[in-house]
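Structure record follows, encoded as structure tokens.
In my numbering, the protein residues as written are 11 to 77.
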């Protein structure tokens with residue numbers, strides 16, 4: 011799974027996550043620290059979407075990332 015790689019290289023992918031979810035602050039992205047569930051929760055809170063939608067967004071984002 012791509013997420014395992016992204017998680018291990020999170021500092022490298024933080025900027026790309028910021029491009030995708032611009033409302034997330036740098037400090038929030040640092041707090042994510044490569045954890046899928048934390049990123050999903052932050053997307054839920056900032057964008058007012060359900061957990062399933064946040065997970066879907068992350069899955070789509072990771073599928074389209076070049077690693």
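Heads up, the beta-carbon is just placed ideally off N, CA and C, and yes, glycines get one too.
Residue of the options minimising C-alpha distance to residue i
i	options	result
residue 39	24, 33 and 29	24
residue 47	57, 30 and 62	62
Helix, strand or coil at residue i [DSSP, three-state]
i	result
residue 31	coil
residue 19	coil
residue 43	coil
residue 48	helix
residue 76	coil
residue 60	coil
Contact check, residue i vs residue j, beta carbons under 8 Å
i	j	result
residue 16	residue 59	no
residue 56	residue 33	yes
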